[in-house]
Amino acid sequence: MARDTSPIVKQSRREGYALHPKAHKIMARKSGIPGQHAHGRQGKPSLYLTQLREKQKVRRAYGLLEKQFARLMNEASRQQGLAGENLLQLLERRLDNVVYRSGLATSRRAARQLVGHGHFELNGRRVDIPSIRVKAGDVITVRPKSVKSGYFTNIADVIANANAGPLSWLKVDEKKLKIEITGLPKREEAEADINEQLIVEYYSR
20 MARDTSPIVK
30 QSRREGYALH
40 PKAHKIMARK
50 SGIPGQHAHG
60 RQGKPSLYLT
70 QLREKQKVRR
80 AYGLLEKQFA
90 RLMNEASRQQ
100 GLAGENLLQL
110 LERRLDNVVY
120 RSGLATSRRA
130 ARQLVGHGHF
140 ELNGRRVDIP
150 SIRVKAGDVI
160 TVRPKSVKSG
170 YFTNIADVIA
180 NANAGPLSWL
190 KVDEKKLKIE
200 ITGLPKREEA
210 EADINEQLIV
220 EYYSR
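Read the sequence shown against our numbering and you will find it ends at 224, with the numbers running on by one and no gaps.
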């Protein structure tokens, strides 16, 4: 399973956006892009660079590689409606993102690892592919074997530290470790500080 293993804090500083909870503290101390001569290179960004950085920010936030992200953008463009909103909906419906949004993981990277290790069942079947796309009516549960693991026996602490809030399309039962998909994500429920139109413009060049 291909993935980006470069340091998440370094990625966050490059994008000027905290891609992981632990990046907040470090970015408060170290501002600007990483690199010895980074401050000397900064100037007014071109439109292309602004579009590129927004694309990279979103791609890295959701943990996709370039080809995966481009395929998703292509699919979003073929659907009815606004391509940018379609893209965010497709990203939000990824299984690893759903686990993160539910509060069962404190970051998308942690959620991706949990899914990849086969700790979840989708509609009663074990799954280990983070990119699986959920739909209304799907039910995600923690595998009976995994419930006894150290991570899930201490899940109350994880949920307390997670940056999760109530969403119209997810119903979470924290006691039963169960997630029900009740609808489709709305634009306002995705990341607020994303300008998806810049991404559409980048791929429309």
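Even glycine gets a Cβ: it sits at the ideal position worked out from N, Cα and C.
Contact under 9 Å by Cβ, residue i with residue j
{"i": "Pro149", "j": "Leu114", "result": "yes"}
{"i": "Glu73", "j": "Asn182", "result": "no"}
{"i": "Met92", "j": "Leu106", "result": "yes"}
{"i": "Arg191", "j": "Ser121", "result": "What sits at residue 191 in the sequence shown is Val, not Arg. For Val191 and Ser121, yes; Cβs fall inside 9 Å."}
Reduced DSSP secondary structure (H/G/I, E/B, other) of residue i
{"i": "Asp115", "result": "helix"}
{"i": "Asp176", "result": "helix"}
{"i": "Glu210", "result": "coil"}
{"i": "Ile151", "result": "coil"}
{"i": "Arg162", "result": "coil"}
{"i": "Met20", "result": "The predicted model places Met20 with a pLDDT of 49, which falls under 50 and marks its position as unreliable; any figure quoted below should be read in that light. Reduced to three states, the DSSP call for Met20 is coil."}
{"i": "Glu193", "result": "coil"}
{"i": "Leu141", "result": "strand"}
Nearest-angstrom Cα separation, counted from residue j out to residue i
{"i": "Glu85", "j": "Gln108", "result": "18 Å"}
{"i": "Leu186", "j": "Arg128", "result": "20 Å"}
{"i": "Ala80", "j": "Lys167", "result": "30 Å"}
{"i": "Arg206", "j": "Asn173", "result": "32 Å"}
{"i": "Arg145", "j": "Phe88", "result": "25 Å"}
{"i": "Ile200", "j": "Gln216", "result": "27 Å"}
{"i": "Ala175", "j": "Asp147", "result": "23 Å"}
{"i": "His136", "j": "Arg90", "result": "25 Å"}
{"i": "Arg224", "j": "Gly143", "result": "43 Å"}
{"i": "Glu94", "j": "Gly169", "result": "39 Å"}
{"i": "Ala211", "j": "Gly184", "result": "14 Å"}
{"i": "Leu123", "j": "Leu133", "result": "9 Å"}
Residues of its chain near residue i, where Cβ-Cβ distance is below 7 Å and the 5 sequence neighbours each way are ignored
{"i": "Val77", "result": "Ile213 and Ile218"}
{"i": "Val161", "result": "His138, Phe139, Phe171 and Leu196"}
{"i": "Ser165", "result": "His138 and Phe171"}
{"i": "Gly202", "result": "Ala155, Ser187 and Trp188"}
{"i": "Glu193", "result": "Ile178"}
{"i": "Asn266", "result": "This structure gives no information on residue 266, because the portion of the chain shown stretches from 20 to 224."}
{"i": "Ala209", "result": "Leu107 and Glu111"}
{"i": "Leu71", "result": "Tyr221"}
{"i": "Gln98", "result": "Asn105"}
Classification of residue i by the beta-carbon crowding that lies within 10 angstroms, buried from 16 upward
{"i": "Tyr119", "result": "buried"}
{"i": "Leu66", "result": "exposed"}
{"i": "Leu141", "result": "buried"}
{"i": "Pro64", "result": "exposed"}
{"i": "Leu68", "result": "exposed"}
Any non-hydrogen atom of the ligand GTP within 8 Å of residue i CB
{"i": "Ala211", "result": "Ligands are entirely absent from the displayed structure, and the ligand GTP is therefore not among its contents."}
Close-in-space but distant-in-sequence residues of the same chain around residue i (CB under 8 Å, 5 per side omitted)
{"i": "Arg131", "result": "Arg22, Gly82, Asp115 and Pro149"}
{"i": "Asp157", "result": "Leu141, Asn142, Glu199 and Ile200"}
Same chain, Cβ closer than 6 Å to residue i, neighbours up to 5 away in sequence not counted
{"i": "Ile159", "result": "Phe139, Leu141 and Ile198"}
{"i": "Val117", "result": "Val153"}
{"i": "Glu104", "result": "Arg206"}
{"i": "Pro204", "result": "Gln108, Glu111 and Trp188"}
{"i": "Ile151", "result": "Leu114"}
is_contact[residue i, chain B] using C-beta, thresh 9 Å
{"i": "Asn180", "result": "Looking for chain B here will not work: only one protein chain is present."}
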